[in-house]
Amino acid sequence: ARALSHDVRLIVMDEPSAALDPDEVDNLFRIVDSLTADGVAVVYISHRLEEIRRIGDRVTVLKDGRAVAVGLPAADTPTRDIVAMMTGRDVEYVFPPRPDEASENIAEP
């Protein structure tokens with residue numbers, strides 16, 4: 235809030251939505267939109283990729299404190315690619331079968 239009372243050109247927000255409910259996040263994004271429309275650069279740090287896509291233009295991916303990708307287009311970079319860069323490996327979204335499906339898959343003697 236103090237930064238908004240000065241003529242700033244850059245604001246760094248580190249996980250600003252971590253303790254916010256959805257309505258508060260929407261309000262935060264309205265503020266970010268207003269700031270960027272006024273020419274303020276916003277560095278928004280988050281693990282929530284859906285937020286990055288919603289308000290970001292470009293993405294920098296960090297792994298172990300180092301930038302592994304810089305300037306990726308936020309809207310066009312596949313989530314699986316970002317996750318792979320963050321973790322250093324391909325991550326498969328594999329889920330165990332649901333309990334009712336598991337019983338159907340049991341071979342009968």
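Quick note: to get this note's numbering, add 234 to the position in the sequence shown (first position is 1).
Cβ coordinates follow ideal geometry from the N, Cα and C atoms, glycine included.
A quick note: this is a predicted structure, and the numbers were derived from the prediction, not measured.
Contacting residues, own chain, Cβ-Cβ under 7 Å from LEU262 (five flanking each side not counted):
Looking up residue 262 in the sequence shown gives position 28. Cβ within range, chain order: PRO250, SER251, LEU254.
Inter-stretch contact (C-beta, 8 Å, three-pair minimum) for the stretch 280 to 291 and the stretch 306 to 314:
yes
Nearest-angstrom Cβ-Cβ length linking ARG314 and VAL325, presumed shorter than 8 Å
Translated into the one-based positions of the sequence shown, residue 314 becomes position 80. Translated into the one-based positions of the sequence shown, residue 325 becomes position 91. The pair is a contact, with the Cβ atoms about 7 Å apart (cut-off 8 Å).
Range of the contiguous alpha helix (DSSP H) that encloses THR321
Translated into the one-based positions of the sequence shown, residue 321 becomes position 87. It spans 313 to 321 - the alpha helix (DSSP H) in which THR321 sits, taken as one unbroken run.
Would you mind giving the Cβ-Cβ distance between ARG243 and ALA271, rounded to the nearest angstrom? I have them listed as a contact below 8 Å.
As a position in the sequence shown, residue 243 is number 9, starting the count at 1. As a position in the sequence shown, residue 271 is number 37, starting the count at 1. Their Cβ separation, rounded to whole angstroms, is 14 Å, which puts ARG243 and ALA271 out of contact at 8 Å.
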